[in-house]
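Quick note on our numbering: the sequence shown kicks off at 6 and runs consecutively.
Think of the CB as a built atom: it goes at the ideal place given N, C-alpha and C, for glycine as much as any other residue.
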Amino acid sequence: MRFSVIILFCLCVFAWAEWNSEDVHRLFIKRVNLKPGVYTGKLESVMDSAGLSVVYEYHRLLGDMYRPTVTSANDFGSHSRYSKHYLNLALDFRINDVPQNKRAILVENIRGKRFLVLWESQGGKNEHVHVEFIRD
Ligand SMILES: [Zn+2]
6 MRFSVIILFC LCVFAWAEWN SEDVHRLFIK RVNLKPGVYT GKLESVMDSA GLSVVYEYHR
66 LLGDMYRPTV TSANDFGSHS RYSKHYLNLA LDFRINDVPQ NKRAILVENI RGKRFLVLWE
126 SQGGKNEHVH VEFIRD
């Protein structure tokens, strides 16, 4: 009886535990590969949520074992002058390792969320999906 009460107490504590923004950030980072040099340390929380949505779409299309690669956050000096990357409100995901016939589907599935999604450098070495938060 006492053991059951302890188990019940532990389950309740677990169920009531709230996720904070750092937990969500850690979860996102665990689900992706980071290209060397990518800095996500000051990423806005909304981008961690967006990133997890993007990971979900990669998994839906390529299976749960697929691990997308983030190729840029706020770490690259050659984005356009007013890029959201510099505001920690944009992420780039590698797409040139996705089978050619699935890329358009992936990009289309990522679109339709609360974010601007651009398929950049199509067919090029730097082909990627740019995801940025749109402020109201
Ligand atoms: Zn970008």
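Member of E23, K89, M52 and H133 whose CA lies at the smallest distance from the CA of R108: Among E23, K89, M52 and H133, the Cα nearest to that of R108 belongs to H133.
Taking the C-alpha atoms as reference points, what is the distance between L48 and N93? 5 Å
How many Å lie between G56 and L96 at the Cα? 8 Å
Quick check for students: name the residue ranges of the beta strand (DSSP E) that lie wholly in the stretch 20-100, counting only runs of 3 or more. 74-77 and 95-99
Closest by CA to N38, which one among N131, V122 and S77? When C-alpha distances from N38 are compared across N131, V122 and S77, the shortest belongs to S77.
Give me the Cα-Cα distance between W124 and I115, rounded to the nearest whole angstrom. 10 Å
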